[in-house]
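Numbering-wise (my numbering), the first sequence opens with residue 339 and increments by one. No residue lacks a Cβ here, since even glycine has one placed at the ideal position from N, Cα and C. On a predicted model such as this, the values are computed, not experimentally measured, just so you know.
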Amino acid sequence: MKKLLLPFNDTKYSIYYYEDIVSFVKLLKQRPSKIWGLDIETAKAHSDTRAGLDPYLSKIRLIQLYDGDGNIFVLDCLNLAYPDFKDLRLWITDKKFIAHNAIFEITHLELLDFKDMDITCSMILGIMCDRAERSPYDGDETVSYKGFSLQALAKKYLSLDISKTLQVSDWNSPVLTDAQISYAAIDTIVCYDLALKLFKKIKKYNMLKSYKLFKRMLHVISEMQLNGMEVDKNKHTYLIQRWKEAESTAYLKCCKYFKDINLNSPKQLATWLANNPRFKNILSAWPKTPSGSYTFNRSEISDFIRIPEIAALMHYKQYSKLLSTYGEGLTRHLNPVTGRYHTQFNLAQVRTGRLSSSKPNLQNMPRDNAVRSMFCLNPANKCKYIVADFSQIEMRVAGALSKDSYMLKAYTNGDDLHTLMAAAITHKHPSAVTKKERQLAKAVNFGFLYGMGAKKFITYVKTSYPDPITEEEAYRIRGIFYETYAEYIAWSNQQRIKAEKLGFTRTPLGRLRKLASDEIYTKAVNTPVQGGAAEVLFISMIRLRNNIKRLGYKAKLASCIHDEVIVECKDWDVDAVTKLVEESMVFGMLKLFPDAPVNGLVEAHSALSWADAKL
DNA sequence: CTGGGGGGCGCG
DNA sequence: AAAGCGCGCCCCCCAG
Numbered sequence: 339m340k341k342l343l344l345p346f347n348d349t350k351y352s353i354y355y356y357e358d359i360v361s362f363v364k365l366l367k368q369r370p371s372k373i374w375g376l377d378i379e380t381a382k383a384h385s386d387t388r389a390g391l392d393p394y395l396s397k398i399r400l401i402q403l404y405d406g407d408g409n410i411f412v413l414d415c416l417n418l419a420y421p422d423f424k425d426l427r428l429w430i431t432d433k434k435f436i437a438h439n440a441i442f443e444i445t446h447l448e449l450l451d452f453k454d455m456d457i458t459c460s461m462i463l464g465i466m467c468d469r470a471e472r473s474p475y476d477g478d479e480t481v482s483y484k485g486f487s488l489q490a491l492a493k494k495y496l497s498l499d500i501s502k503t504l505q506v507s508d509w510n511s512p513v514l515t516d517a518q519i520s521y522a523a524i525d526t527i528v529c530y531d532l533a534l535k536l537f538k539k540i541k542k543y544n545m546l547k548s549y550k551l552f553k554r555m556l557h558v559i560s561e562m563q564l565n566g567m568e569v570d571k572n573k574h575t576y577l578i579q580r581w582k583e584a585e586s587t588a589y590l591k592c593c594k595y596f597k598d599i600n601l602n603s604p605k606q607l608a609t610w611l612a613n614n615p616r617f618k619n620i621l622s623a624w625p626k627t628p629s630g631s632y633t634f635n636r637s638e639i640s641d642f643i644r645i646p647e648i649a650a651l652m653h654y655k656q657y658s659k660l661l662s663t664y665g666e667g668l669t670r671h672l673n674p675v676t677g678r679y680h681t682q683f684n685l686a687q688v689r690t691g692r693l694s695s696s697k698p699n700l701q702n703m704p705r706d707n708a709v710r711s712m713f714c715l716n717p718a719n720k721c722k723y724i725v726a727d728f729s730q731i732e733m734r735v736a737g738a739l740s741k742d743s744y745m746l747k748a749y750t751n752g753d754d755l756h757t758l759m760a761a762a763i764t765h766k767h768p769s770a771v772t773k774k775e776r777q778l779a780k781a782v783n784f785g786f787l788y789g790m791g792a793k794k795f796i797t798y799v800k801t802s803y804p805d806p807i808t809e810e811e812a813y814r815i816r817g818i819f820y821e822t823y824a825e826y827i828a829w830s831n832q833q834r835i836k837a838e839k840l841g842f843t844r845t846p847l848g849r850l851r852k853l854a855s856d857e858i859y860t861k862a863v864n865t866p867v868q869g870g871a872a873e874v875l876f877i878s879m880i881r882l883r884n885n886i887k888r889l890g891y892k893a894k895l896a897s898c899i900h901d902e903v904i905v906e907c908k909d910w911d912v913d914a915v916t917k918l919v920e921e922s923m924v925f926g927m928l929k930l931f932p933d934a935p936v937n938g939l940v941e942a943h944s945a946l947s948w949a950d951a952k953l
């Protein structure tokens, strides 16, 4: 044991540094604190560049615990054996912790078998406060404040400057310097103080329910991130080969029309268009980007898509997109230890309360069967993917929130709202509605739900429907939407009035989103609906994970895509867990909206691959 | 050489 | 008066 004195922020702290876990735990037990600041330092355990950050490529070097009363206990794990942690695990079970970016601590500690720790995340508190206090239109008064790192939030909320220069120091070094140990200790103090301050704000803003849901999600996310998604690399390689061939064919065709032009440069394309005599007569009708240059956005220029030059260009862009985003580049995210994609799920970042996914983003994989079938389990492991979807979750949440009797009646009867809308537009009986008409109605429902204008609807239809519609027709259809969902429209207007008065809107569980005045018309309506759908999903996933653990099934969450969950499950438990998934999702809906109709709410299937489990 | 904005596009 | 929403990642291009 080594004791260090740490003067920091006008206070004197004591650091107790241990290399022996028995005395470490013995001392911890003497402290009365129930809430502890927690941080870990990790060292590289692999040559990969991500080593030190990725739980599979790192080893924990230090565990730092702050008792909230001037004492920091630091355990150096360099020379500890795995079974040693038993006493620490036991000590941890009835304590609460505070960490910054708790997902990092949870995922790393999970691999040492520290399960379901009660951790508050100061980063999530910080993001939630930010979303409540600042719309993107507000800018940011704190110039140096950027992102939600501990350093940034310490400066913003505690007016503290903490150095991060030692973070990248060598945590593999056999002997750590006093400066390194002090650096490691400071983070626990700062995140402890930060969380106390931010937690008061959360209560003041009435966001406790919402925060508690996020907190419970930490373990769900940790499970998904650690589990990851398995891919069949051969399928991917084959796919890339096919895309490359298609791209080069398309490129050769483009060469006839575009001389010395980078097809990936919108700027060069715009110049080419402006100077091409063939386009002289239609140039005035060519749509433009917000900043005023000619656009080559596929959905904006659907009027000109039949012109050979444009058709060739679009064909090239299609494969160029696939190759650049879903080609070879994707594989750099494969984990060298597990061979899987361990996506990062970002909690609380999205203003409506959804999750987002990055490195790689698994939430925007092409719907293409060939792509999704590369997410495929090895049959030798005797596992299946269970894929379950909410059916039309946002429409259902819209109905539940507004209590629109037309929507609720349809869901109660098991009717399809898109088919009903198609029937209303065409004056047909629902049973006579064609596939094409339903497709248009789908665009009607999705578009007008959040206040789309008739004009935009025309271009929107062009992308999702084969035949164009006239302006007159667009206004007529908009009228039908407003009549059909009159109660929903009334609720929408109420939401707008409320948001105008308060300057913010909330999700059903109370997550606050500040809105600038010109955001209100659409976002005051969208946020409760999209946010409500996210909250339903969160409740469902928490329930599902708890029940899988409680009942001892061999299954783990693998991913989620806004209204869809993917579970990896041992063959012999697939039937039982599929039922559990369905039950959990219905439970999530009813927990948030007790009166919601739930027939046809969930669809679930299982198979070796993501593609096959969707059928 | 890096960072950031714009344009574009994949998903829900 | 008019207004779909929510993301992340790719490439280009320009500023520092």
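Of all alpha-carbon atoms in VAL782, CYS907, LYS773, GLU666, the one lying nearest the alpha-carbon of ASN719 is that of CYS907. When the five nearest sequence neighbours on each side are left out, the beta carbons in the same chain lying within less than 6 Å of the beta carbon of ARG369 are those of ASP405, in order along the chain. When DSSP states are grouped into helix, strand and coil, MET712 belongs to the coil group. With 16 or more neighbouring CB atoms inside 10 Å of its own CB, ASP754 falls in the buried class.
Residue environment for MET567: buried (at least 16 other C-beta atoms within 10 angstroms of its C-beta). In the pairwise beta carbon analysis, the region 595-610 is classified as not touching the region 667-686: fewer than three pairs are separated by under 8 Å. With a cutoff of 8 Å on beta-carbon distance, PHE842 and ALA470 are scored as near each other.
Residue environment: GLN579 is assigned as exposed (fewer than 16 neighbouring CB atoms within 10 Å of its CB, all protein chains considered). Of the other Cβ atoms in all chains shown, fewer than 16 fall within 10 Å of the Cβ of MET339; this residue is therefore exposed. Looking at the backbone, the Cα of ILE796 and that of ILE398 are separated by about 56 Å. C-alpha of ILE599 to C-alpha of GLU647: approximately 13 Å in a straight line. Note: ASN409 is bridge-paired with SER352 in the DSSP secondary-structure output.
Counted as a single uninterrupted DSSP element, the alpha helix (DSSP H) harbouring ARG888 occupies residues 858-889.
Counted as a single uninterrupted DSSP element, the beta strand (DSSP E) harbouring LEU376 occupies residues 373-382. Counting along the chain, no beta strand (DSSP E) covers PHE442; the unbroken alpha helix (DSSP H) around it starts and ends at 440-448. For THR843, the three-state secondary structure derived from DSSP is strand. Under the three-state reduction of DSSP, ALA854 is assigned to coil, being neither helix nor strand. A Cβ-Cβ distance of about 19 Å is found for the pair SER520 and LEU365, leaving them out of contact under the 8 Å criterion. In the structure shown, the three-state DSSP call for TYR595 is helix. Between the C-alpha atoms of ALA490 and SER497 there is a straight-line separation of about 10 Å.
Excluding residues up to 5 positions away in sequence, ALA862, VAL863 lie with their Cβ nearer than 6 Å to the Cβ of GLN833 in the same chain. A Cβ-Cβ contact shorter than 8 Å links LYS434 with LYS372. Going by beta carbons, VAL905 and VAL915 fall inside the 8 Å limit. Take the alpha-carbon of MET455 and the one of LEU746: they are about 40 Å apart. Shown here for LEU668: same chain residues with a beta carbon closer than 7 Å to its own, the five before and five after excluded, namely PRO698 in chain order. Counting along the chain, the unbroken beta strand (DSSP E) around LEU343 starts and ends at 340-346.
ALA726 sits away from GLU561, with the two beta carbons spaced by 8 Å or more. In the DSSP annotation of this structure, the continuous segment of the beta strand (DSSP E) that includes VAL903 starts and ends at 902-908. According to the DSSP assignment, GLU775 belongs to the alpha helix (DSSP H) that extends over 773-787.
Taking a contact as a CB-CB distance under 8 Å, the pair ALA896 and TYR723 counts as one, their CB atoms being some 7 Å apart.
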